[in-house]
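Taking it in order: structure first as structure tokens, then the write-up.
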Amino acid sequence: MSTEPVATEGGRDFIRDIIQADLDQGKYKEIVTRFPPEPNGYLHIGHAKSIALNFGIAQEFPGRCHLRFDDTNPVKEEQEYIDSIQADVHWLGYDWGKNLFYASDYFDRLYEWAEKLIRDGLAYVDDQSQEEIRTSRGTLTEPGKNSPFRDRSVNENLDLFRRMKAGEFPNGARVLRAKIDMSAGNINLRDPVLYRILHAHHPRTGTKWSIYPSYDYAHGQSDAIEGITHSICTLEFEDHRPLYDWFIEKLPVPSTPHQYEMARLNLTYTLLSKRVLTQLVRDGHVAGWDDPRMPTIAGMRRRGVPPAALREFVKRIGVAKANSVVDVGMLEFCIREELNRTAQRRMAVLKPLKVVIENYPEGQSEELEAINHPDDPSAGTRKINFGRELYIEQDDFMENPPKKFFRLSPGNEVRLRYAYFVKCTGVIKNEGEVVELRCTYDPATKGGNAPDGRKVKATMHWLPAATSVPAEIRVYNQLFANPSPDASNFAADLNPNSLEILSDARVEASVAESNSTEPMQFERQGYFVRDKDSTPARPVFSRTIGLRDTFAKEVAKG
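Under our numbering, the first residue of the sequence shown carries the number 161, and numbering increases by one thereafter.
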């Protein structure tokens with residue numbers, strides 16, 4: 161669990177205004193919210209918005225926030241997802257304390273209430289197939305049609321429902337439906353399904369149940385059982401609210417929560433559909449739910465995104481009533497801002513080009529001092545070995561440079577960071593490819609300044625050949641090349657350059673030897689973090705984000 165103090169969200173929004181008014185009017189003595197994920201996948205960045213809102217409210221007002229798993233569909237739910245969700249909430253900096261619940265905790269009571277609905281003539285067992293039920297529900301412009309089984313007697317419905325519970329019937333043979341109004345303008349009120357037969361093993365209840373409540377039936381009643389005061393959800397559930405209110409009215413629930421809807425998070429270059437995310441994993445487009453290209457919280461954590469950056473992003477986008485699309489650049493800004501403040505600096509050469517300093521004595525080396533953070537003196541310094549043979553970036557050399565290329569070229573002098581001025585005196589090629597540079601250095605420029613006052617126009621990072629360590633670098637870009645990817649044909653919008661693997665990179669020895677999982681800045685390259693695939697024999701580092709937004713510019717070029 162993160163030990164970093166969590167700052168409460170600043171500003172106000174319509175939900176906080178409602179809560180404050182309720183407290184001022186004495187409607188509640190304690191505010192109770194909840195974060196109620198279905199454990200059928202990993203959480204994504206859209207869930208981070210809900211987590212920060214619900215847990216944030218519990219911190220700002222007198223109250224508590226429950227973590228509840230709405231585990232009503234054992235076919236799609238796994239313990240892996242339950243564990244990952246708890247880890248994600250903790251990583252974001254929030255804690256539910258003793259308030260961990262499951263909809264399955266209430267299965268017995270939900271069943272009793274379903275029997276009450278039957279006895280009150282408000283529910284019936286329907287033998288129609290799923291397709292027949294779907295067809296008979298009608299459309300937005302046409303009313304539905306009553307089921308031929310709608311007028312079964314109370315005794316017959318109770319008998320069939322109890323036999324469903326006892327496991328007498330196969331999957332899909334029957335369902336229990338609420339008896340509301342098949343001509344209602346809101347399709348959710350057209351006799352919704354309350355229970356379906358599912359002979360499946362449940363992660364918590366095992367094989368005790370052969371029937372499972374629908375999400376719509378279990379969700380609102382779970383809120384009522386837990387005494388939730390403000391049930392906050394996204395706008396797609398607005399049309400479900402009349403159904404939830406109908407259940408609350410007809411059942412002997414211990415409290416009457418009210419639902420409030422807010423806009424969901426939509427990001428450019430991003431799809432947050434759980435169906436799409438699941439398919440990305442199953443079809444092998446990514447390496448798993450925690451692939452650093454995924455918009456999952458686990459993926460962002462593996463990529464090195466700080467939880468404080470996500471909290472700041474959520475704070476900046478705010479809570480609104482109308483859906484909109486947020487530019488992913490705002491998220492990237494928050495990540496860069498946080499990492500620039502906190503990440504220590506190191507050097508890495510992603511595409512090495514060997515340099516031999518011919519006037520530096522063979523067999524000699526020296527230690528140079530490098531700062532760990534330019535804006536934080538308390539971060540201290542470290543030592544870097546300098547010797548005759550070095551590595552620089554291939555892109556930092558051009559044999560025939562254009563006019564405004566100030567980095568290394570034949571006859572040109574540059575500064576090596578923390579070291580000396582060097583000048584290129586020769587180029588060695590293999591079949592036309594530059595494979596090595598010969599240079600000279602000026603011993604009087606140690607530390608990066610010339611006593612005679614001469615200036616150079618470029619400062620380059622480098623690494624010693626003798627003590628730097630080979631490493632694999634994974635450079636991640638946006639998973640989708642289209643700023644508005646098509647969820648129905650998402651594979652067509654995948655970015656073929658979303659991952660570049662650099663197998664021959666070099667990093668400082670201290671970076672390779674450290675087991676730290678904290679992100680760092682590789683100077684002039686971006687922010688990177690050690691990946692879980694890393695081993696002592698083969699360090700692996702993933703790019704969290706570049707120092708500036710180059711991806712959008714490349715896409716704009718076409």
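Yeah, the Cβ is synthetic: ideal placement off N, Cα and C, and Gly gets one too.
Practice task
Please report how far the alpha carbon of ASP747 lies from the alpha carbon of GLU498, in whole angstroms.
Solution key: A query on residue 747 cannot be resolved here, the shown segment of the chain reaching from 161 to 718 and no further.
Exercise for the section: Can you have a look at ARG435 and say buried or exposed, based on whether 16 or more other CB atoms are within 10 angstroms of its CB? Expected result: Taking the sequence shown and counting its residues from 1, the one referred to as residue 435 is at position 275. It counts as exposed.
Handout entry: Which listed residue (GLY206, GLU673, PRO679, MET422) has its alpha carbon closest to that of ILE178
Key = Mapped onto the sequence shown, residue 178 falls at position 18. Here the closest residue by C-alpha is MET422.
Exercise for the section: Could you work out which residue in ASN346, GLN246, PRO417 is closest to GLY380 when comparing CA atoms only? Expected result: By 1-based counting over the sequence shown, the position of residue 380 is 220. Answer by Cα proximity: PRO417.
Practice task
Taking only runs that begin and end inside the stretch 190–255, name each unbroken beta strand (DSSP E) of 3 or more residues, in chain order.
Solution key: Runs of the beta strand (DSSP E) inside the stretch 190–255: 191–195, 223–229.
Handout entry: Identified DSSP bridge partners for VAL293
Key = For the purposes of this step, residue 293 is taken as residue 133 along the sequence shown, with counting starting at 1. Looking at the sequence shown, residue 293 is not Val but Ile. When DSSP reads this structure, ILE293 sits in no beta bridge, so it has no partner.
Practice task
Using a Cβ-Cβ cut-off of 8 Å, state whether LYS339 counts as contacting chain C.
Solution key: Among the chains of the structure shown, chain C does not appear; only one protein chain is present.
Exercise for the section: In the DSSP assignment, find the beta strand (DSSP E) that holds VAL689 and state where it starts and stops. Expected result: Working through the sequence shown from its first residue, we reach residue 689 at position 529. In the DSSP annotation of this structure, the continuous segment of the beta strand (DSSP E) that includes VAL689 starts and ends at 686–690.
Handout entry: Assigned secondary structure, LEU513 (DSSP; H/G/I helix, E/B strand, else coil)
Key = Here the question's residue 513 lines up with position 353 in the sequence shown. LEU513 falls in the strand class under three-state DSSP.
Handout entry: DSSP-derived helix/strand/coil call for SER702
Key = Numbered from its first residue, the sequence shown carries residue 702 at position 542. Under the three-state reduction of DSSP output, SER702 falls in the strand class.
Problem - Presumed contact (8 Å Cβ cut-off) between ASP286 and ARG334, rounded CB distance - result: In the sequence shown, counting from the first residue as 1, residue 286 sits at position 126. In the sequence shown, counting from the first residue as 1, residue 334 sits at position 174. Yes, ASP286 and ARG334 are in contact; Cβ-Cβ is about 7 Å, under 8 Å.
Handout entry: Contacting residues, own chain, Cβ-Cβ under 7 Å from GLY206 (five flanking each side not counted)
Key = Position 46 of the sequence shown, counted from the first residue, corresponds to residue 206. Here the set comprises ARG424, LEU425, LEU432.
Problem - Beta-carbon gap between ASN317 and ILE293 smaller than 8 Å - result: By one-based count along the sequence shown, residue 317 stands at place 157. By one-based count along the sequence shown, residue 293 stands at place 133. For ASN317 and ILE293, no; Cβs fall outside 8 Å.
Problem - DSSP beta-bridge partners of GLU386 - result: Along the sequence shown, one-based indexing puts residue 386 at 226. BP columns for GLU386 are empty, so no partner.
Practice task
Taking the CB atoms as reference points, tell me whether LEU568 and MET620 lie closer together than 8 Å.
Solution key: In the sequence shown, counting from the first residue as 1, residue 568 sits at position 408. In the sequence shown, counting from the first residue as 1, residue 620 sits at position 460. Note that the C-beta distance between LEU568 and MET620 is below 8 Å.
Handout entry: Buried or exposed (CB count within 10 angstroms, at least 16 for buried), MET161
Key = Your numbering for residue 161 matches position 1 in the sequence shown. The predicted position of MET161 is uncertain, since its pLDDT is 35 and thus under 50; a value taken from the coordinates is nonetheless stated next. Its Cβ having fewer than 16 others within 10 Å, MET161 is exposed.
Problem - Assigned secondary structure, PRO402 (DSSP; H/G/I helix, E/B strand, else coil) - result: Your numbering for residue 402 matches position 242 in the sequence shown. Three-state result, PRO402: helix.
Problem - Close Cβ partners of GLU632 (< 6 Å) along its chain, the five nearest in sequence each way excluded - result: Within the sequence shown, residue 632 is the residue found at index 472, counting from 1. The beta carbon of GLU632 sits closer than 6 Å to the beta carbons of SER663, VAL700 from its chain, once the five residues preceding and following it are set aside; these are given in chain order.
Exercise for the section: Please confirm whether GLU396 and HIS226 have their CB atoms less than 8 Å apart. Expected result: For the purposes of this step, residue 396 is identified with residue 236 of the sequence shown, where counting begins at 1. For the purposes of this step, residue 226 is identified with residue 66 of the sequence shown, where counting begins at 1. Judged by beta-carbon spacing, HIS226 lies beyond the 8 Å limit of GLU396, meaning their Cβ atoms are not closer than that value.
Handout entry: C-beta atoms of PRO467 and GLY686 nearer than 8 Å
Key = Walking along the sequence shown from the start, residue 467 turns up at place 307. Walking along the sequence shown from the start, residue 686 turns up at place 526. No, these two residues do not count as a Cβ contact at 8 Å.
Handout entry: ASP376 beta carbon less than 8 Å from that of PRO352
Key = Position 192 of the sequence shown, counting from 1, holds the residue named residue 352. Position 216 of the sequence shown, counting from 1, holds the residue named residue 376. Result yes, Cβ atoms of PRO352 and ASP376 sit closer than 8 Å.
Exercise for the section: List the endpoints of the continuous alpha helix (DSSP H) containing GLN439. Expected result: Sequence index remark: in the sequence shown, residue 439 carries index 279 (1-based). Annotation for GLN439: the continuous alpha helix (DSSP H) segment containing it runs 434–442.
Practice task
Report yes if the C-beta distance between THR394 and VAL485 is below 8 Å; otherwise report no.
Solution key: What you label residue 394 is simply residue 234 of the sequence shown in a count that begins at 1. What you label residue 485 is simply residue 325 of the sequence shown in a count that begins at 1. Not in contact: THR394 and VAL485 (Cβ atoms no closer than 8 Å).
Practice task
Report yes if the C-beta of LYS543 is less than 7 Å from at least one heavy atom of the ligand ZN; otherwise report no.
Solution key: By its list of ligands, the structure shown contains no ligand whatsoever, and the ligand ZN lies outside what it can speak to.
Practice task
State yes or no: is the C-beta of PHE229 within less than 8 Å of the C-beta of THR365?
Solution key: Translated into the one-based positions of the sequence shown, residue 229 becomes position 69. Translated into the one-based positions of the sequence shown, residue 365 becomes position 205. No, these two residues do not count as a Cβ contact at 8 Å.
Problem - Contact set for VAL441: own chain, Cβ-Cβ below 7 Å, skip 5 residues either direction - result: To locate residue 441, count along the sequence shown from 1; it is residue 281. Here VAL441 has GLY448, TRP449 as same chain residues with Cβ atoms under 7 Å from its own Cβ, once five neighbours each way along the sequence are excluded.
Handout entry: Cut-off 7 Å between Cβ atoms - residues of its own chain near ALA167, not counting five sequence neighbours on either side
Key = The count along the sequence shown starts at 1 and reaches residue 167 at position 7. Confidence is the limiting factor: at ALA167 the pLDDT is only 40, short of 50, which leaves the residue's position unreliable, though a coordinate-based value still follows. Closer than 7 Å at Cβ, skipping near neighbours: no residue.
Problem - Buried versus exposed, by CB contacts within 10 Å (16 or more), ARG453 - result: Along the sequence shown, one-based indexing puts residue 453 at 293. Residue environment analysis places ARG453 among the buried positions, since at least 16 neighbouring C-beta atoms fall within 10 angstroms of its C-beta.
Practice task
Answer with buried or exposed for HIS361, where buried requires no fewer than 16 other C-beta atoms within 10 angstroms of its C-beta.
Solution key: Position 201 of the sequence shown, counting from 1, holds the residue named residue 361. When all chains shown are included, HIS361 counts as exposed.
Handout entry: Euclidean distance between Cα positions of GLU238 and GLU198
Key = Within the sequence shown, residue 238 is the residue found at index 78, counting from 1. Within the sequence shown, residue 198 is the residue found at index 38, counting from 1. Each residue's Cα considered, the two are about 10 Å apart.
Problem - For HIS204 and GLN439, the rounded distance between their alpha carbons - result: Counting from one through the sequence shown, the residue named residue 439 turns up at place 279. Counting from one through the sequence shown, the residue named residue 204 turns up at place 44. Cα atoms of GLN439 and HIS204: separation of roughly 15 Å, rounded to the nearest angstrom.
Exercise for the section: State the beta-bridge partners of LEU425 as determined by DSSP. Expected result: Mapped onto the sequence shown, residue 425 falls at position 265. Answer by DSSP bridge pairing: none, since LEU425 is not bridged.
Exercise for the section: Have a look at GLY592, VAL595, LYS583 and flag the residue whose alpha-carbon is nearest the alpha-carbon of THR605. Expected result: The count along the sequence shown starts at 1 and reaches residue 605 at position 445. The shortest C-alpha separation from THR605 is found at LYS583.
Handout entry: Unbroken stretches of the beta strand (DSSP E), 3 residues or longer, contained in the stretch 275–354
Key = Entirely contained in the stretch 275–354, the beta strand (DSSP E) runs reaching 3 residues are, in chain order, 283–286, 335–338.
Practice task
Output the distance between the C-alpha atoms of GLU578 and ALA458, rounded to the nearest integer angstrom.
Solution key: As a working note, residue 578 is residue 418 in the sequence shown. As a working note, residue 458 is residue 298 in the sequence shown. Reading the sequence as shown, one finds Tyr at residue 578 and not Glu. For TYR578 and ALA458, the gap between their C-alpha atoms comes out near 37 Å.
Exercise for the section: Would you kindly work out how many angstroms separate the C-alpha atoms of GLU660 and SER702, rounded to a whole number? Expected result: In the sequence shown, the residue the question calls residue 660 occupies position 500. In the sequence shown, the residue the question calls residue 702 occupies position 542. Looking at the two C-alpha atoms, the distance is approximately 10 Å.
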